[in-house]
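A short worksheet on the structure shown next.
And the structure:
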């Protein structure tokens, strides 16, 4: 399956109650690039259920048949998001 492979996202978010502090959360799952439906679903869940506002997401993806890809992806790439400033 083209584009399917291991995806790692380093998610920086603002700590609830301390918005000036950032915390790192690492998410890893098999996903389909470049749409990343699993990651989009996780980020939707995060915004719906968790308190820490997202700051940024750095995505690395290694297809099963290609060399690894690493890119810093703007949150807007994953759809409309609330104000993250």
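In our numbering, the protein residues as written are 16 to 100.
Virtual Cβ for every residue (Gly too), placed ideally from N, Cα, C.
The structure presented is a predicted model; accordingly, all values stated were derived computationally and were not measured.
Within 10 angstroms of the Cβ of residue 30, are there 16 or more other Cβ atoms? Answer buried if so, exposed if not.
exposed
Buried or exposed for residue 67, please, with buried defined as at least 16 other CB atoms from any protein chain shown within 10 angstroms of its CB.
buried
Between the alpha carbons of residue 37 and residue 71, how many angstroms are there, rounded?
Roughly 10 Å separates the two Cα atoms.
In its own chain, which residues sit with a C-beta less than 8 Å from the C-beta of residue 45, not counting the 5 before and 5 after it?
19, 20, 21, 22 and 53
Counted within 10 angstroms of its Cβ, other Cβ atoms place residue 28 as buried (16 or more) or exposed
buried
Cα-Cα, which of 48, 51 and 65 is closest to residue 32?
When only C-alpha atoms are compared, the closest one is 65.
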